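The sequence shown begins at 93 in the working numbering and counts up by one.
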Amino acid sequence: MAVRDSWAVGSDTERLLDVEDARLAMGAVWAPTGAITARSGFTPTGGSDPGAVTASAPTPDGFVHTSPFQYVRQSNRGGGTYTWTLDATWDTDVLGTAPADPANPRHDLIVVQQSDAYFADADSQLRIRHVVGTPAATPTDPPVDGSSDYIRLARIVVPANADQITSSDIVDLRGTDRYTTTLGGVLPVPSQTARDIITDPYDGMAVYRTDRDWLEVFDGTAWRNPAMVSTTALADISNPSTGQIAFSRSTNLPYRYTGSAWVRMFPEVALQRTTAQPIPSGAVTPINWDAPDEDELDMWDSVTPSRVQIPTSGRYRCTFNGAFAFTSTSTLRVGQLRVNGSSSDILADTRYNAIANNHAPLHLDGEDTFVTGDYLEVVVYHEHGSDLDVALSVRPRLVVRRVSN
93 MAVRDSWAVG SDTERLLDVE DARLAMGAVW APTGAITARS GFTPTGGSDP
143 GAVTASAPTP DGFVHTSPFQ YVRQSNRGGG TYTWTLDATW DTDVLGTAPA
193 DPANPRHDLI VVQQSDAYFA DADSQLRIRH VVGTPAATPT DPPVDGSSDY
243 IRLARIVVPA NADQITSSDI VDLRGTDRYT TTLGGVLPVP SQTARDIITD
293 PYDGMAVYRT DRDWLEVFDG TAWRNPAMVS TTALADISNP STGQIAFSRS
343 TNLPYRYTGS AWVRMFPEVA LQRTTAQPIP SGAVTPINWD APDEDELDMW
393 DSVTPSRVQI PTSGRYRCTF NGAFAFTSTS TLRVGQLRVN GSSSDILADT
443 RYNAIANNHA PLHLDGEDTF VTGDYLEVVV YHEHGSDLDV ALSVRPRLVV
493 RRVSN
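Printed below as a string of structure tokens:
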């Protein structure tokens with residue numbers, strides 16, 4: 093039948109909907125895997141573990157227990173979905189039904205199975221079944237007879253001569269990717285692999301990555317993070333969009349995706365001198381830097397070691413700390429942050445007469461908007477009368493950081 097009776101119609105004298113019509117109509121409620129098929133799975137719950145099979149506790153015995161659940165099952169034998177419900181814990185007497193073999197172990201299964209008279213089954217019942225295996229030196233799982241609309245919840249490894257079933261005898265067969273959700277709902281998935289095998293995701297479909305604790309949304313082409321995420325590895329973001337922002341817990345810094353690479357949102361160059369630099373008396377002299385701590389945007393090179401080159405137009409914050417060496421004279425000391433080497437374009441200036449028998453600290457701080465190709469220098473000046481070192485007692489250090497566009 094191509095055109096089904098709609099949910100819900102009838103007439104004055106008869107019902108029009110059959111059970112398959114009803115299942116097909118209900119299938120429209122759940123996350124789709126195709127035009128008229130739905131994703132099978134447990135409906136998520138916050139405070140329980142739906143469908144879990146556990147041993148008796150605190151004292152093990154011959155029973156296992158299946159926790160309550162609701163499960164959406166896309167029918168194997170027809171259209172639409174079943175909604176299975178177990179509304180209270182189900183107890184299964186494993187050893188009472190089939191005592192352990194005295195010599196060999198066996199594998200039993202706990203399954204949920206739906207029979208359906210519509211498909212010529214004997215009845216239309218939902219059952220929690222205990223399928224007993226065959227003892228063997230190397231046991232295997234038993235076949236499940238009857239309806240093919242079933243799921244395996246757990247394997248019970250029954251040891252030879254066992255008189256109780258413990259937690260270590262139970263193998264969870266539900267899988268980690270075991271949930272479904274309603275159409276438009278957020279689907280929990282345990283990994284990128286589980287996300288990538290979602291059949292026919294729709295534009296706007298959302299998943300929650302339980303391995304990363306973030307949301308991803310399908311945009312018709314790829315799975316994207318719709319908001320800023322926090323991660324230890326930016327490579328975990330499988331399909332970043334241009335302009336996306338992420339926080340790296342490895343560096344404790346924010347990053348922006350350019351369309352081809354992740355770059356720091358506030359990139360900086362941090363420079364220092366590892367040796368003292370002698371400064372001639374009476375001469376304005378740039379400090380030459382010899383050791384970049386970091387330089388993500390290649391703002392410094394050894395060819396012009398005094399300069400910090402502006403790679404991209406924007407607003408930058410510049411900070412310098414240093415000191416002239418200890419001296420017995422109290423003459424003038426000057427430090428400046430100059431733009432493009434110009435004595436008339438000074439971003440910051442400090443000057444004073446030094447205190448005799450002390451080093452002369454210099455601190456410069458400034459912020460302004462620059463264009464691509466501009467450069468910054470720290471220049472110093474003194475009137476000591478002979479060379480005076482920019483010393484290492486206060487390690488000379490310059491930091492230039494981009495703060496905005």
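A virtual CB, placed ideally from N, CA and C, is assigned to each residue, including glycine.
Predicted model, so just to flag it, every value in this text is computed and none were measured.
Checklist entry - Any contact of the stretch 277 to 294 with the stretch 164 to 178, i.e. 3+ C-beta pairs under 8 angstroms? => result no
Next on the checklist: Quick check on DSSP: helix, strand or coil for Thr189?
Outcome noted: Helix at Thr189.
Next on the checklist: So, under 8 angstroms CB-CB, Leu456 and Phe412 are touching, yes? Tell me the CB distance rounded to an integer number of Å.
Outcome noted: Taking the Cβ atoms as the reference, Leu456 lies roughly 4 angstroms from Phe412, within the contact range of under 8 angstroms.
Checklist entry - Where in the stretch 408 to 485 do unbroken runs of the beta strand (DSSP E), each at least 3 residues long, occur, reported from the N-terminal end onward? => result 424 to 431, 438 to 445, 450 to 462, 467 to 474, 480 to 482
Checklist entry - Do the stretch 372 to 381 and the stretch 312 to 328 touch if we need at least three Cβ pairs shorter than 8 angstroms? => result no
Item to check | Per-residue burial, Ala147 [other beta carbons within 10 Å of its own, 16 or more giving buried] | outcome: buried
Checklist entry - Using the rule of at least 16 other Cβ atoms within 10 Å of the residue's Cβ for burial, across every protein chain shown, is Ala483 buried or exposed? => result buried
Checklist entry - Thinking C-alpha only, which one of Tyr467, Pro332, Arg356 is nearest Met391? => result Tyr467
Next on the checklist: Below 8 angstroms on the Cβ atoms is my contact criterion, and I expect Pro453 with Ile379 to pass it. Report the Cβ-Cβ distance as a whole number of Å.
Outcome noted: Not confirmed; about 14 angstroms, so no contact.
Item to check | Those residues which DSSP pairs with Pro124 across a bridge | outcome: Ala130
Next on the checklist: Between Pro142, Arg409, Gly433, which has its C-alpha nearest Thr177's C-alpha?
Outcome noted: The option with the nearest alpha carbon to Thr177 is Pro142.
Next on the checklist: Within 10 Å of its beta-carbon, does Gly154 have 16 or more other beta-carbons around it, so buried, or fewer, so exposed?
Outcome noted: buried
Checklist entry - Asn497 by DSSP, collapsed to three states: which one? => result coil
Next on the checklist: Once DSSP output is grouped into helix, strand and coil, what is the label at Leu363?
Outcome noted: strand
Item to check | Coarse secondary structure for Leu389, derived from DSSP in three states | outcome: Look at Leu389 here: in three-state DSSP terms it is coil, with no helix or strand label.
Checklist entry - Mind pulling the beta strand (DSSP E) runs of 3 or more residues that sit fully within the stretch 230 to 281? => result 242 to 250, 262 to 264, 278 to 281
Next on the checklist: To test your reading of the DSSP string, which unbroken alpha helix (DSSP H) runs of 4 or more residues are found completely within the stretch 154 to 209?
Outcome noted: 186 to 189
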